Amino acid sequence: MKYISSTLIFLLFCSTQLLFADQSSFQKDAEPAAYRIILSPTASESETWAAEELQHWLYEISGEYLPVQRNADYAGPKIVIGYQDIISTTGTEMPAENDESFQYFSKGKDIFIYGGKQRGTMYGVFSFLENEFGCRWYTPRVTVIPKKEKLVFGQYNYKSAPGIQVRNDFYFEAFDPIWAARNKMNGRMNYVKQPGGVEAFWAVHTFYPLMPPAEFFDRHPEYYSLINGKRTFEIIKNDHHQLAQLCLSNKNVLRIITERIKQKIRQNPEYMIYDVSQNDYYNACECDKCQAIVKKEEAESGLMIWFVNQVAEAVEKEYPGKYIGTLAYQYTRKPPLNIKPRKNVVVRLCPIEACVAHDLKSCERNTSFLDDMQKWATISPQLYIWDYVVNFAHYIMPYPNFAVLQSNIKTFKENKCIGIMEQAAYQSRGGEFSELKAYLIAKLLWNPDTNTGDVIDDFMYGYYGHSGRLIKQYFTLAQSLITPQQHIKIGLRPTDAIFTDEFVNTSVQIFNEAIKVADNESIKSRVELTALPVYYLKCRRDPAGSRSDGTYDKAMNIIQREGITHLAESEQTIERFKTFVEEAK
Ligand SMILES: [Zn+2]
Ligand SMILES: [Zn+2]
7 MKYISSTLIF
17 LLFCSTQLLF
27 ADQSSFQKDA
37 EPAAYRIILS
47 PTASESETWA
57 AEELQHWLYE
67 ISGEYLPVQR
77 NADYAGPKIV
87 IGYQDIISTT
97 GTEMPAENDE
107 SFQYFSKGKD
117 IFIYGGKQRG
127 TMYGVFSFLE
137 NEFGCRWYTP
147 RVTVIPKKEK
157 LVFGQYNYKS
167 APGIQVRNDF
177 YFEAFDPIWA
187 ARNKMNGRMN
197 YVKQPGGVEA
207 FWAVHTFYPL
217 MPPAEFFDRH
227 PEYYSLINGK
237 RTFEIIKNDH
247 HQLAQLCLSN
257 KNVLRIITER
267 IKQKIRQNPE
277 YMIYDVSQND
287 YYNACECDKC
297 QAIVKKEEAE
307 SGLMIWFVNQ
317 VAEAVEKEYP
327 GKYIGTLAYQ
337 YTRKPPLNIK
347 PRKNVVVRLC
357 PIEACVAHDL
367 KSCERNTSFL
377 DDMQKWATIS
387 PQLYIWDYVV
397 NFAHYIMPYP
407 NFAVLQSNIK
417 TFKENKCIGI
427 MEQAAYQSRG
437 GEFSELKAYL
447 IAKLLWNPDT
457 NTGDVIDDFM
467 YGYYGHSGRL
477 IKQYFTLAQS
487 LITPQQHIKI
497 GLRPTDAIFT
507 DEFVNTSVQI
517 FNEAIKVADN
527 ESIKSRVELT
537 ALPVYYLKCR
547 RDPAGSRSDG
557 TYDKAMNIIQ
567 REGITHLAES
577 EQTIERFKTF
587 VEEAK
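Just so it is clear: in the sequence shown, position 61 is 67 by this note's numbering, and no numbers are missing.
#1: Residues in the same chain with beta-carbon distance under 6 angstroms from G327, minus the five sequence neighbours each way, listed in chain order, please.
#2: Taking C-beta to C-beta, are V317 and I299 nearer than 8 angstroms?
#3: What separation, rounded to the nearest whole angstrom, lies between the Cα atoms of R355 and Q273?
#4: Collect the residues with a C-beta less than 6 angstroms away from any heavy atom of ligand 4 and give them in sequence order along the chain.
#5: Roughly how many angstroms separate the alpha carbons of E577 and D464, rounded to a whole number?
#6: At a cut-off of 7 angstroms, would you count K257 as near ligand 1, judging by its Cβ distance to the nearest heavy atom?
#7: Does DSSP classify V150 as helix, strand or coil?
#8: Any heavy atom of ligand 1 closer than 7 angstroms to the Cβ of L232?
#9: Would you report the Cα separation of I85 and E106, rounded to the nearest angstrom?
#10: Which same chain residues, not among the five before or five after G97, have their C-beta less than 6 angstroms away from its C-beta?
#11: Counting only the same chain and skipping the five closest in sequence on each side, list residues whose C-beta sits under 6 angstroms from that of A27.
#12: Determine the closest residue to L249 out of A220, G235, H226, with distance taken between C-alpha atoms.
#13: In whole angstroms, give me the CA-to-CA distance for I279 and Y401.
#14: What's the call for E508, buried or exposed, on a 16-neighbour Cβ count within 10 Å?
#15: Within the present structure, is the beta-carbon of K295 separated from the nearest heavy atom of ligand 1 by less than 7 angstroms?
#16: State the DSSP-derived secondary structure class of T332, mapped to helix, strand or coil.
#17: My parser needs the beta strand (DSSP E) runs of 3 or more residues fully inside the stretch 336-397; what are they?
#18: Cα-Cα, which of G308, D286, Q284, N285 is closest to K295?
#19: So, helix, strand or coil for G121, using DSSP?
#20: Would you kindly report the start and end of the unbroken alpha helix (DSSP H) that includes M310?
#21: Determine the closest residue to M310 out of P341, D286, E322, with distance taken between C-alpha atoms.
#22: Looking at C-alpha atoms only, which residue of E589, T536, S531, K522 is the closest neighbour of D548?
#23: Please report the residue range of the beta strand (DSSP E) in which D175 lies.
#24: Is the beta carbon of M128 closer than 8 angstroms to that of W55?
#25: Restricting to Cα atoms, I'd like to know which of W312, A360, Y288 is closest to K346.
#26: Taking only the alpha-carbon atoms, compute the straight-line gap between V449 and F586 and give it to the nearest angstrom.
#27: Counting along the chain, where does the beta strand (DSSP E) carrying S112 start and finish?
#28: Does DSSP put S434 in a helix, a strand or coil?
#29: Is Y287 helix, strand or coil by DSSP?
#30: Check this for me: beta carbons of I87 and I151, under 8 angstroms apart or not?
#31: Measure the alpha-carbon distance for A363 versus Q388 and round it to whole angstroms.
#32: Where does S554 land, buried or exposed, given buried means 16+ other C-beta within 10 angstroms?
#33: So if DSSP puts W143 in a beta bridge, which residue, or which two residues, is it bridged to?
#34: Per DSSP, what kind of secondary structure is R237 in: helix, strand or coil?
#35: Answer yes or no: the CB of C356 versus the heavy atoms of ligand 1, is any distance below 7 angstroms?
#36: If you count every other CB in all the chains shown that lies within 10 Å of the CB of S31, and 16 or more means buried, which is it?
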C-alpha cells in the first residue's frame with residue numbers, strides 16, 4: 007500500500023457557473039411547464055445544487071423549463087426538494103442531517119424528494135432522474151440523457167439507503183466531484199459544493215508523519231523499534247515508504263501520538279476516522295515490554311490494538327463520535343487472542359495477497375485472509391476494507407476480475423464493513439475498462455445487491471452505442487480466461503500463462519470490428535481507448551512484431567491523444583514501455 011496524496015482540482019465552481027449561463031439562455035425560449043421545483047428557504051448547499059441539476063436535466067430531457075422557487079407558495083403541481091414544512095404534512099419524519107438514505111414519492115400530482123440535508127436529498131434527485139427518466143452519468147465526460155417530447159410524471163414510491171457507509175471509488179475517473187455526487191460516492195472530502203463527504207482516513211501509515219524520526223530520533227532513539235538489538239530508522243529519499251516503526255509500549259510515544267492526533271482532529275474536524283497506523287515496513291519493535299504484550303496476545307496486532315485503544319479512549323472524551331482507525335496489514339493482519347478494539351476504533355484490513363480470479367469465499371488461496379477477516383469481525387465493532395481492483399504492475403493490461411467485485415463487496419459487508427476503499431488506477435485515465443469499473447463499483451458500493459449484469463449491459467449499449475455488442479463480446483472473452491485452476495493476483499504479467507496469442511489475436515479482431523461500426527468519432531475514441539489494453543498486451547508479448555504491424559503506433563497514439571500519464575502505479579511507465587518496445591530485437 008502506498009500513501010496517496012491526491013491534489014485534485016475541482017471544477018465544480020466553473021460547472022455551476024455554466025449551469026447558470028445555460029439557464030439564462032433557455033429561460034427565454036422555453037415554454038414554462040406547470041410544475042415548479044420547490045426548495046425550502048433553509049435548503050442546504052447540496053439541496054440547492056440538486057434543484058438546479060433537476061431543473062437542468064429535465065430541460066435536457068424535454069426542453070421544458072421548471073422554475074425553482076424558495077417557498078411552497080404555489081397552487082400548481084410541485085416537485086418538492088428536501089425535507090421542509092410541506093413534507094411534514096405527509097406524515098414523514100425529518101431525517102438526520104447526515105442521513106444519506108432518501109425517498110421520493112407522489113401525493114396527488116405533487117412529487118416529494120428528500121433525505122438528509124448533507125447528501126440524502128441530493129442522491130434522491132439523481133436517483134429520481136436515473137430511475138424514472140433513464141439519465142446516466144457514465145463518466146465525467148459522457149452523460150446520456152434520453153429525450154422526451156413532453157415531461158410526463160408518474161406515480162412514485164421509492165426508497166433507498168447506502169449499503170456501505172463510506173464509499174471510496176478510487177479510480178481517476180471517479181475523483182471528479184460532480185460525477186461522484188451524481189453516482190452517490192462520498193469517499194472523498196473535497197466536494198466543494200456537496201458537503202458531507204465522509205472520507206475518513208486522512209492518510210494511512212501515519213506513525214511516521216505523526217512522529218517523524220527527524221524530529222525525535224537523535225534525542226529519543228527509544229521511541230523507535232528495537233531491531234536486532236538496535237533502535238532503528240531509515241529514510242529512503244524520493245520514496246513513499248517510511249522505514250521506521252514505533253516502540254508502542256513507551257509511554258511517551260502514547261502521549262505524543264495522542265496529543266498529535268487530537269491536534270489533527272482540531273485542525274481537520276470534518277473527517278470521520280483519524281488514522282493511527284503502522285508504517286509500510288515490517289520491523290515491529292522487539293523490546294521486552296512490547297514483546298510481552300505480543301506474546302500474551304499471540305499476535306503483533308495485540309500490541310497495536312492495546313496502543314490504539316488507549317489513543318481512542320483519550321480522544322473520545324474530547325471528540326465523541328469520531329473514530330480512530332488503524333491497519334491490520336501484513337504483520338498485524340492476524341487478530342489478537344484476547345484484546346478487542348474499542349467501540350470507536352476502526353480496524354482496516356487489506357486483502358493485498360488475495361487471488362482476484364476467484365472471490366474470497368471460493369478460492370483456497372483466500373482462506374487465510376477470509377479467516378482473519380471473520381475473526382476480526384467477531385471481535386470488532388466495525389471494520390473497513392482497503393481493497394485492490396486493478397493490476398498495479400500494468401494498469402492497462404486485460405485483468406479479468408469483474409466476477410469477484412460484487413461477491414467480495416458482499417463479503418465485506420457481511421463482515422461489518424462500514425467503509426470500502428477500492429484502490430484502482432488512480433493517477434491517470436486509461437486503466438483497463440476504467441470507465442466501466444468505476445461506474446460499476448459506484449453502483450455496488452451503494453447497493454451490494456445491484457444486478458451487475460444489467461449495469462454492464464446498460465453501460466455497453468449506453469456508452470459504446472452500436473459498438474457495445476462487440477465490446478461485450480470482448481468483455482466475455484476476457485472474463486472467460488479465468489478457470490478454476492487459474493489464479494491471479496495484483497501483479498499479473500503479460501507473459502503469464504493466462505494469456506495466449508489466440509486471445510490477443512481474437513481480441514484485436516473484435517476491436518477492429520467494433521471501431522468500424524462506431525456511431526461517431528466520439529464513440530470511436532471510447533472504443534479505441536478500451537482496445538488499448540489489448541494493443542498493450544500484444545506489444546509486451548511481441549514487441550518487434552507489434553512495431554512492424556503498427557500495433558505499437560496505434561497504442562502510442564491512443565496514449566498521447568487521451569493524455570494518459572501512467573501505465574502502472576510506478577512513475578515513468580510510459581518511457582519504460584517505449585524503451586521496451588523500441589529496443590526489442
Ligand atoms: Zn518496544
Ligand atoms: Zn484463486
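All residues carry an ideal CB built from backbone N, CA and C; glycine is no exception. From a predicted model like this one, the values you see are computed outputs, not experimental measurements.
Working from what's here:
#1: none
#2: no
#3: What sits at residue 355 in the sequence shown is Leu, not Arg. Using only the alpha carbons, I get a separation of about 27 angstroms.
#4: By its list of ligands, the structure shown excludes ligand 4, since it contains just ligand 1 and ligand 2.
#5: 35 angstroms
#6: no
#7: strand
#8: yes
#9: 20 angstroms
#10: none
#11: Annotation note: pLDDT 33 at A27 (below 50); position unreliable, no value reported.
#12: A220
#13: 29 angstroms
#14: exposed
#15: yes
#16: strand
#17: 351-355, 389-394
#18: G308
#19: strand
#20: 306-324
#21: P341
#22: E589
#23: 172-176
#24: yes
#25: W312
#26: Going by the sequence as given, residue 449 is Lys instead of Val. Taking the straight line from one Cα to the other gives about 38 angstroms.
#27: 108-113
#28: coil
#29: coil
#30: no
#31: 27 angstroms
#32: exposed
#33: T149
#34: strand
#35: no
#36: Note that S31 scores 40 on pLDDT, short of 50, meaning its location in the model is unreliable and no value can be drawn from it.
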